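Take 339 as the starting number for the sequence shown in this note's numbering and just add one per residue. No residue lacks a Cβ here, since even glycine has one placed at the ideal position from N, Cα and C. Everything numeric in this text was worked out from a predicted model, so none of it was measured.
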Amino acid sequence: MSVLSLTYPMSLLKDNKWYLNDSKLCYLTDEQAKDYLALTGSKEYSAGMHDAETMLISNNIDMIVSGIHEKAKLFDLGCGDALKTIDILKHARKRGKDLDFYLVDINQIILKTAMTNSRQAGFNPRGFQSDFCRFEYLVKVTRPAPQTVVYLGANYVNKDPSILANIRRGMQSGDLIYFSAQNGDGDIERILKQYDNLSMRNWLFHTVKKLGFRPDDVQYFVGFNHDTSDIEMKFRICDLPEKSRCLGFDVGDELVVATSRKPTLDQFRRTAEEYFSGQVLFSPDRSYVAFLGQK
Ligand SMILES: C[S@@+](CC[C@H](N)C(=O)[O-])C[C@H]1O[C@@H](n2cnc3c(N)ncnc32)[C@H](O)[C@@H]1O
Numbered sequence: 339m340s341v342l343s344l345t346y347p348m349s350l351l352k353d354n355k356w357y358l359n360d361s362k363l364c365y366l367t368d369e370q371a372k373d374y375l376a377l378t379g380s381k382e383y384s385a386g387m388h389d390a391e392t393m394l395i396s397n398n399i400d401m402i403v404s405g406i407h408e409k410a411k412l413f414d415l416g417c418g419d420a421l422k423t424i425d426i427l428k429h430a431r432k433r434g435k436d437l438d439f440y441l442v443d444i445n446q447i448i449l450k451t452a453m454t455n456s457r458q459a460g461f462n463p464r465g466f467q468s469d470f471c472r473f474e475y476l477v478k479v480t481r482p483a484p485q486t487v488v489y490l491g492a493n494y495v496n497k498d499p500s501i502l503a504n505i506r507r508g509m510q511s512g513d514l515i516y517f518s519a520q521n522g523d524g525d526i527e528r529i530l531k532q533y534d535n536l537s538m539r540n541w542l543f544h545t546v547k548k549l550g551f552r553p554d555d556v557q558y559f560v561g562f563n564h565d566t567s568d569i570e571m572k573f574r575i576c577d578l579p580e581k582s583r584c585l586g587f588d589v590g591d592e593l594v595v596a597t598s599r600k601p602t603l604d605q606f607r608r609t610a611e612e613y614f615s616g617q618v619l620f621s622p623d624r625s626y627v628a629f630l631g632q633k
């Protein structure tokens, strides 16, 4: 990826903050994929959101699967290792439902990992290396099915909520969607700590490295933006390398490289219901919420 390919999102400069938080920018290269996969294996990552969502799915698996048509097709958008949808498919299979399975991810290495995991579990998915915002196109080029099931999962919180309108356009009446978020009614200070660690910093540093910054030029920190309910993962510029000067940065500016929205339960429900009818599901400790909705 060249520096120039990153100049588009930089037009979003607000209060000394450069918003480079298009989620796919964190997953473009092989190095980014490897560091992300290492992060998903770490304790900090699993103890926070990952374990809570896995519990939420297993506690509600009967309800999730019961609404799925036996000949449906399931899209895992931004699939990562795909282990969560594989669990859903295993349960569906026990109920005699054999779904067409489509994995979508921007990163080739991550997609390969998901394909391997799926095959080892006895499924035969088709993979698309693509931006999942192209869902409307992807759904058209796959085998027709009586129902489409969309697993957006936690990718919902790394995108503007309008991603729901985008996906909805590719859905037909009766199609299902599942998306999730960490519950922002919880202790935000405690949640912030889940993002403030070395594995996270090392993975996110790749984005600023592409802009010419060296490790000592920037300082990683996290903050909560009350206007957007986003946790912002960012680097403060301490020193400006010659190579990066032409990009318009200043010492003291913040480079926001990733965001993760923490909606309150009320915000989460209201936004979901603008687009879909359905219900909110909870993890056992209510730290994690998901919406299972229908168009
Ligand atoms: C936070 S992980 C979530 C993985 C998985 N869905 C889960 O719940 O464990 C984000 C995944 O989405 C992919 N991704 C991020 N933005 C994307 C985009 N715009 N289009 C396609 N894939 C994207 C990344 O490569 C990564 O594998």
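Between the Cα of residue i and the Cα atoms of the options, which residue gives the shortest distance?
i	options	result
Gln485	Arg472, Ser511, Glu474	Ser511
Cys584	Asp565, Arg607, Phe551, Val560	Phe551
Asn493	Met509, Leu415, Met401	Leu415
Ile406	Ala610, Tyr516, Thr480, Lys381	Tyr516
Ser518	Asn504, Arg464, Asn496	Asn496
Tyr695	Lys600, Gly508, Ser598	Residue 695 lies beyond the residue range present for the chain, which begins at 339 and ends at 633; the question has no answer from this structure.
Ser500	Phe439, Arg608, Lys547	Arg608
Gly418	Asp568, Ala371, Ser567	Ala371
Val560	Lys547, Thr597, Arg457	Thr597
Ala430	Glu570, Val487, Leu449, Gly379	Val487
Thr566	Arg624, Thr602, Lys478	Thr602
Glu612	Lys362, Leu502, Asn563, Arg433	Leu502
Asp438	Lys478, Ala483, Leu421	Ala483
Phe562	Trp541, Val595, Gly379, Leu530	Leu530
Tyr410	Asp498, Val556, His564, Val477	Looking at the sequence itself, residue 410 is Ala, so the reference to Tyr does not match. The shortest C-alpha separation from Ala410 is found at Val477.
Cys471	Arg457, Phe461, Asp498	Asp498
Val595	Arg457, Arg574, His564, Lys381	Arg574
Thr378	Leu421, Asp588, Ser396	Leu421
Should residue i go down as buried or exposed, given a rule of 16 or more other Cβ atoms within 10 Å for buried?
i	result
Ile526	exposed
Pro463	buried
Asp604	exposed
Glu408	exposed
Val442	buried
Arg433	exposed
Arg624	exposed
Val479	exposed
Glu600	Per the sequence shown, the amino acid found at residue 600 is Lys instead of Glu. With 16 or more Cβ atoms within 10 Å of its Cβ, Lys600 is classed as buried.
Asp360	buried
Asp513	buried
Between residue i and residue j, which are expected to be in contact by the criterion C-beta below 8 Å, what is the C-beta distance as a whole number of angstroms?
i	j	result
Met393	Ser537	Not really, about 22 Å apart at Cβ, beyond 8 Å.
Tyr357	Thr423	Their Cβ separation, rounded to whole angstroms, is 30 Å, which puts Tyr357 and Thr423 out of contact at 8 Å.
Asn455	Tyr626	Asn455 to Tyr626, Cβ: 22 Å. No contact.
His544	Asp373	7 Å
Arg506	Lys633	6 Å
Leu427	Leu412	7 Å
Going straight from the alpha carbon of residue i to that of residue j, what length do you get?
i	j	result
Ile447	Tyr365	10 Å
Glu391	Asp425	12 Å
Gly590	Asn445	32 Å
Asp436	Asp554	52 Å
Lys452	Asp534	The question names Lys, yet the displayed sequence has Ala at residue 452. About 27 Å.
Ser404	Lys572	41 Å
Arg481	Gly586	47 Å
Thr367	Leu593	19 Å
Met401	Gln617	11 Å
Ser389	Glu580	According to the sequence shown, residue 389 is Asp rather than Ser. If I take the Cα positions, the gap works out to 43 Å.
Phe635	Leu630	Residue coverage of the chain in this structure runs from 339 to 633, which leaves residue 635 outside it and unanswerable.
Leu375	Ala459	19 Å
Tyr440	Cys576	44 Å
Gly491	Gln532	19 Å
Met339	Lys548	In this prediction, Met339 has a pLDDT of 38, which is less than 50 and means its spatial position is unreliable; nothing more can be read from the coordinates.
Asn398	Ala610	18 Å
Asp334	Asp469	Summary: the structure shown does not reach residue 334, with the chain confined to residues 339 through 633, and so no result is reported for it.
Asp523	Phe606	11 Å
Arg539	Glu570	12 Å
Ala628	Asn504	19 Å
Phe473	Tyr558	33 Å
Glu369	Leu542	11 Å
Leu619	Gly465	28 Å
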